[in-house]
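In this text, residue positions in the sequence shown follow the working numbering: the first is 999, and each later residue adds one.
No residue lacks a Cβ here, since even glycine has one placed at the ideal position from N, Cα and C.
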Amino acid sequence: MEIITDIAALRTRLQREPSIALVPTMGNLHEGHLSLVRIAQQNAGCTVVSIFVNRLQFAPHEDFDRYPRTQANDCQLLQKLGVDIVFLPDEKTLYPVSQEFQLLLPPLADTLEGAFRPGFFRGVAIVVLKLFNIVQPQLALFGKKDYQQLHIVRNMVQQLNLPIDIMTGETVRSEDGLALSSRNSYLSGVERQQASHLFRTLLQIKQAIERGHRDFRSLEESAESDLTSHGWQVDYIALQQRETLLPAHASDTDLVILGAARLGQIRLIDNLEISG
Ligand code: PAF
């Protein structure tokens, strides 16, 4: 496995690769990331994993400074999997000058996560587009855990005619259902025990819909009040159409329930697809 920090060196190394898959990450890798790497390896001759904590997608009050940076361990995990290249740029490499060119994202980027993290998707889109331009992969992998991010990246690729296939991997969960996330390491012991309540709440909505319940707004409201009564601060519980990520109506069939809520200082997100 090669660790490359420089854009020119990466481009030279990739010149001889006919099929490249990119797995963009911010590091602190867990089984969710590793499952994406395995899909990449099955679908391309050369797998590049990028590790870069992207300042642009953090608001000033968010956890950029304390975001877990575990590069040595990440590289060991990737080496064990037989990854070809780890791209490990520093901030000066990806942002040598202040990023004045920006992207104007669709209104959807201001809803759900975007409503609570203004500018988040713009930061994600810029770094993802940069990584696409640097690596020029034929394939890129994004997990369903970040459902809205996946949706926005897919639309960016489609609307800007980028010659890249976006593939996805299912959310990987702990035994109690908690979706794996680099930020789970922030949870205290007690919070960790309570954390799977978000998943169980989404699962109850899924089961209610599968039993024929069609009053989506009341399902959202009762899920919110259940979480609140268990000490959570809910940002949103939203039943959306899978294709558009707009609010779902009773007649819609391909649905996704998305949720974001805080347990103490820790904000968790999760989602479940539903065929209703
Ligand atoms: O999902 C993430 O880890 C990040 O948002 C991404 C896609 C690597 C961009 O920084």
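Item	Value
Under a three-way DSSP split, which group does residue 1252 fall into?	strand
For a cutoff of 9 Å on Cβ pairs, would you count residue 1188 as touching chain C?	Looking for chain C here will not work: only one protein chain is present.
Whose CA, out of 1034, 1260, 1122, lies closest to the CA of residue 1227?	1260
Quick check: the segment 1158 to 1175 against the segment 1031 to 1048, are at least 3 beta-carbon pairs closer than 8 Å?	yes
For the segment 1191 to 1205 against the segment 1229 to 1239, are there 3 or more C-beta pairs whose distance is under 8 Å?	yes
Mapping DSSP to helix, strand and coil, what is residue 1015?	coil
Quick one: any contact between the segment 1017 to 1026 and the segment 1051 to 1066, if contact means 3 or more CB pairs under 8 Å?	yes
Using a 10 Å radius around the Cβ and a threshold of 16 neighbouring Cβ atoms, would you call residue 1045 buried or exposed?	buried
Which same chain residues, not among the five before or five after residue 1179, have their C-beta less than 6 Å away from its C-beta?	none
Heavy atom of ligand 1 less than 8 Å from the Cβ of residue 1135, yes or no?	no
Inspect the beta-carbon positions of residue 1132 and residue 1101 and report whether they are closer than 9 Å.	no
Residue 1172 lies in the alpha helix (DSSP H); which residues open and close that run?	Per DSSP, residue 1172 belongs to no alpha helix (DSSP H) and is neither H nor E.
Does the beta-carbon distance from residue 1097 to residue 1129 come in below 9 Å?	no
Along the alpha helix (DSSP H) that carries residue 1271, what are the first and last residues, could you check?	Element bounds for residue 1271: not the alpha helix (DSSP H) but the beta strand (DSSP E), 1264 to 1273.
Enumerated in chain order, which unbroken segments of the alpha helix (DSSP H) with a length of 4 residues or greater are wholly contained in the segment 1022 to 1063?	1029 to 1041
Any idea what DSSP makes of residue 1004, helix, strand or coil?	coil
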